[in-house]
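Structure record follows, encoded as structure tokens.
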Amino acid sequence: MTTDQPSRTWGAGDLRSVASERALAERWNKSLRTLQRWRSEGYGPAYIRIGGTVHYRFEDVLAFEDRQRRGGEED
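Just so we're aligned, residue 537 is where the sequence shown starts under this note's numbering, counting upward by one.
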């Protein structure tokens, strides 16, 4: 089955993929307003603004998440 809808699934298979602001908010259980505030404060992953719409590259999100990691054992 084919669809014109982009996948909402996050996966490391294609590091060139991008996610919408809403998809990232859902991933982190944060509000859109929180992500907007973080961007204005210079916090959070790098983002891309295309035609007024904010997108996040998966690799930038993973890198940001890695930088936030605290405690636990290193592999």
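Ideal placement from N, C-alpha and C gives every residue a C-beta, glycine not left out.
Assuming the contact rule is C-beta atoms closer than 8 Å, residue i and residue j should be a hit. Round their C-beta distance to whole Å, please.
{"i": "residue 594", "j": "residue 553", "result": "5 Å"}
{"i": "residue 571", "j": "residue 597", "result": "That belief does not hold up - the Cβ atoms of residue 571 and residue 597 are roughly 11 Å apart, past 8 Å."}
When the Cα atoms are used, what is the spatial distance from residue i to residue j?
{"i": "residue 562", "j": "residue 592", "result": "13 Å"}
{"i": "residue 576", "j": "residue 606", "result": "25 Å"}
{"i": "residue 574", "j": "residue 587", "result": "20 Å"}
{"i": "residue 555", "j": "residue 599", "result": "14 Å"}
Suppose contacts are defined by Cβ-Cβ distances below 7 Å. Is residue i in contact with residue j by that definition?
{"i": "residue 590", "j": "residue 579", "result": "no"}
Restricting to Cα atoms, I'd like to know which of the options is closest to residue i.
{"i": "residue 603", "options": "588, 581, 586", "result": "581"}
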